[in-house]
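Protein chains in written order, with my numbering: chain A, 131 to 239; chain B, 131 to 239.
Each residue gets a CB set at the ideal place from its N, CA and C atoms; glycine is no exception.
Written out below as structure tokens is the structure these notes cover.
There are 2 protein chains.
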Amino acid sequence: MTLSNPNYVFRALADPTRRAIFEELTRRGEQTVHALTRYAGVSQPAVSKHLTVLKRARLVRHRRDGRETHYQAQSDALAPMINWLDNYGAFWRERFDRLEDLLQRMDHE
Amino acid sequence: MTLSNPNYVFRALADPTRRAIFEELTRRGEQTVHALTRYAGVSQPAVSKHLTVLKRARLVRHRRDGRETHYQAQSDALAPMINWLDNYGAFWRERFDRLEDLLQRMDHE
DNA sequence: GAGAACCATAACCAAACGGTTATGGTTTGT
DNA sequence: ACAAACCATAACCGTTTGGTTATGGTTCTC
Numbered sequence: 131m132t133l134s135n136p137n138y139v140f141r142a143l144a145d146p147t148r149r150a151i152f153e154e155l156t157r158r159g160e161q162t163v164h165a166l167t168r169y170a171g172v173s174q175p176a177v178s179k180h181l182t183v184l185k186r187a188r189l190v191r192h193r194r195d196g197r198e199t200h201y202q203a204q205s206d207a208l209a210p211m212i213n214w215l216d217n218y219g220a221f222w223r224e225r226f227d228r229l230e231d232l233l234q235r236m237d238h239e
Numbered sequence: 131m132t133l134s135n136p137n138y139v140f141r142a143l144a145d146p147t148r149r150a151i152f153e154e155l156t157r158r159g160e161q162t163v164h165a166l167t168r169y170a171g172v173s174q175p176a177v178s179k180h181l182t183v184l185k186r187a188r189l190v191r192h193r194r195d196g197r198e199t200h201y202q203a204q205s206d207a208l209a210p211m212i213n214w215l216d217n218y219g220a221f222w223r224e225r226f227d228r229l230e231d232l233l234q235r236m237d238h239e
């Protein structure tokens, strides 16, 4: 897996419409530009441009099929952001604490 | 802990200079605007404006001391971003895989 | 008390951004 | 073969962004 420039990832996800598109692709899986346009509440060209930005960050992949273009989320492209977050202790500690809690509660059931 | 608007957090960290400032504050701890300016490679007003954006996202706090203003990173303000990332499986899977690897290697030593 | 240091804000500017409408190229359906 | 559907790109536009220099308010230092 080739990591994309972290800057592209951070910038791509800074816009709420783009995050919404990415979330939608993750939730409902692969979708055409048409379907995403209905969802996103902006014009089709706007969606196409957002998809270009997401593509640059490798957060989506596309597959042409006739006149349709199907896009799908590529969530492992979040790696640069996750790696960056790894520098911030609270992150891991919080997660492990929660995990520990969970395991304890499971023991006592 | 009051969570700040996720949008502010994402936008604040979308800029590389701002990320650098935040990283520097995390690494080296509390610092004055002056020190950050020497580090950041842009003018002092530019740094002040970046700090304002980081403040809006609650990623930094400041403390006045005479003519100096000391800023410090508030890394638990990353929570909104981390929560958002929690929706993306690859994240956890990757981490647990790595953890599993580590534990296995520890067993065999 | 004068001058220097530190910082925030104002005023300004070019470039990037997020949106629009217009257009044209493929592909599909009839 | 024509019309419609799907999508990307172009052209355009107002706003935001990230930087600058200029300025002024506090607070130190001498």
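As assigned by DSSP and simplified to three states, the class of residue i
| i | result |
| --- | --- |
| A/Gln204 | coil |
| B/Thr182 | helix |
| B/Thr124 | The first residue shown for chain B is 131 and the last is 239, placing residue 124 of chain B beyond what the model contains. |
| B/Thr162 | strand |
| B/Thr199 | strand |
| A/Val172 | coil |
| B/Arg149 | helix |
| A/Arg157 | helix |
| B/Arg188 | coil |
Cα-Cα separation between residue i and residue j, rounded to whole angstroms
| i | j | result |
| --- | --- | --- |
| B/Leu166 | A/Leu133 | 29 Å |
| A/His164 | B/Phe140 | 27 Å |
Proximity to residue i [Cα-Cα], best of the options
| i | options | result |
| --- | --- | --- |
| A/Asn217 | B/Ala209, B/Leu189, B/Glu153, B/Lys185 | B/Glu153 |
| A/Gly201 | A/Pro146, A/Ala176, A/Ile151, A/Pro210 | Checking the displayed sequence, the identity of residue 201 of chain A turns out to be Tyr instead of Gly. Cα-wise, what sits closest to A/Tyr201 is A/Ile151. |
is_contact[residue i, chain A] using C-beta, thresh 8 Å
| i | result |
| --- | --- |
| B/Tyr138 | no |
| B/Ala144 | yes |
| B/Thr156 | yes |
| B/Leu215 | yes |
Close beta carbons around residue i, own chain, < 8 Å, minus the five adjacent residues each side
| i | result |
| --- | --- |
| A/Glu198 | Thr162, Val163, His164 |
| A/Ser173 | Thr167 |
| B/Arg149 | Leu143 |
7 Å CB neighbourhood of residue i in its chain, flanking five on each side removed
| i | result |
| --- | --- |
| A/Thr156 | Ala203, Ser205 |
Own chain residues within Cβ distance below 6 Å of residue i, not counting five before or after
| i | result |
| --- | --- |
| A/Tyr138 | Arg186, Ala187 |
Within-8 Å CB hit, residue i to chain B
| i | result |
| --- | --- |
| A/Asn135 | no |
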